[in-house]
């Protein structure tokens, strides 16, 4: 199994930072966080024409934790900084249709 300690998140935004979307990073996973930080400027240069403003951050992935189900949560702060974290999914929503009629295969 590959050891992952860093995830590169790249986001492209409008000029006023009102609208942002994730951009595909050239190499999104790294064996060390430091490796991710070292490659971040290269990835930013490669994607600089994809949006008026392109920003990136490396997200630390704790190799001791198991991320079977996780969500990458990110936000742009008021001063234009990209913040992100990998959060394990801890609850699940279950849908149930209370109006569905149960069919008894033995009596119908």
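In this note's numbering, the protein residues as written are 895 to 1002. From the three backbone atoms N, C-alpha and C, an ideal C-beta is built for every residue, glycine too.
Check, Outcome
"Cutoff 8 Å; reference residue 948; Cβ partners in own chain excluding five residues on either side", "904, 905, 906, 907, 917, 938, 941, 942"
"Contact test: residue 915 Cβ vs the ligand GTP heavy atom, cutoff 7 Å", "With respect to small molecules bound, the structure shown includes none, and the ligand GTP cannot be examined in it."
"For residue 910 and residue 929, the rounded distance between their alpha carbons", "30 Å"
"Closest by C-alpha distance to residue 975, when choosing among 951, 959, 902", "951"
"Residue 966 classed as buried or exposed, judged by whether at least 16 other C-beta atoms fall within 10 angstroms", "exposed"
"Distance CB(residue 936)-CB(residue 898) smaller than 8 Å", "no"
"Cβ distance (whole Å) where residue 923 is taken to contact residue 959 below 8 Å", "Rounded, the Cβ-Cβ distance is 15 Å, inconsistent with contact."
"Whole alpha helix (DSSP H) elements within the segment 920 to 970, 4-residue minimum", "927 to 941"
"Residue range of the unbroken beta strand (DSSP E) whose run includes residue 984", "Segment: none, residue 984 is in no beta strand (DSSP E) and carries neither H nor E."
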